[in-house]
Each structure stands twice: as structure tokens, then as C-alpha cells.
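Step one of this worksheet: look at the structure below.
Residue numbers (mature numbering (1 follows the signal peptide of the UniProt record, and there is no 0)): -17 to -1, 1 to 33.
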């Protein structure tokens, strides 16, 4: 996700406390997915070299 999307999510979170937990959960999942993809790519690259 782009920085603007994250800023919009942050603003939405501040403006609407009701959506806070949902927004944070979505943000956390996307962050986890990004890390997982990066991690998987690193493993594949390492395996390919070996």
C-alpha cells in the first residue's frame, strides 16, 4: 500500500473511533502479508543460489 493510503487510514482511524479496531486489524494484516512476501522471496532467492 502507498503512503497516502496509510495516511488516509490513519486519519479515518482518528476521526472514527468505532472503526479503529477494524482499521488497525486491516493495517496489521497488510503489514504481515508484506513481510511474509518479502520473507518468502528471500527464502526463494537463497534456495535458488544454493
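For every residue, glycine included, the Cβ atom is placed at its ideal position computed from N, Cα and C.
Here the structure is a predicted model, which is why all the values come from computation and not from measurement.
*On the premise that residue 10 lies in contact with residue -10, defined as a C-beta separation below 8 Å, what is that separation, rounded to the nearest angstrom?*
Translated into positions along the chain shown, residue -10 becomes position 8. Translated into positions along the chain shown, residue 10 becomes position 27. Between residue 10 and residue -10 the Cβ distance is about 11 Å, and since that is not below 8 Å, they are no contact.
*Three-state secondary structure (DSSP) of residue 31*: Within the chain shown, residue 31 is the residue found at index 48, counting from 1. Reduced to three states, the DSSP call for residue 31 is helix.
*Return the CA-CA distance between residue -6 and residue 25, expressed in angstroms with no decimal places.*
Working through the chain shown from its first residue, we reach residue -6 at position 12. Working through the chain shown from its first residue, we reach residue 25 at position 42. Counting only the Cα atoms, residue 25 lies some 34 Å from residue -6.
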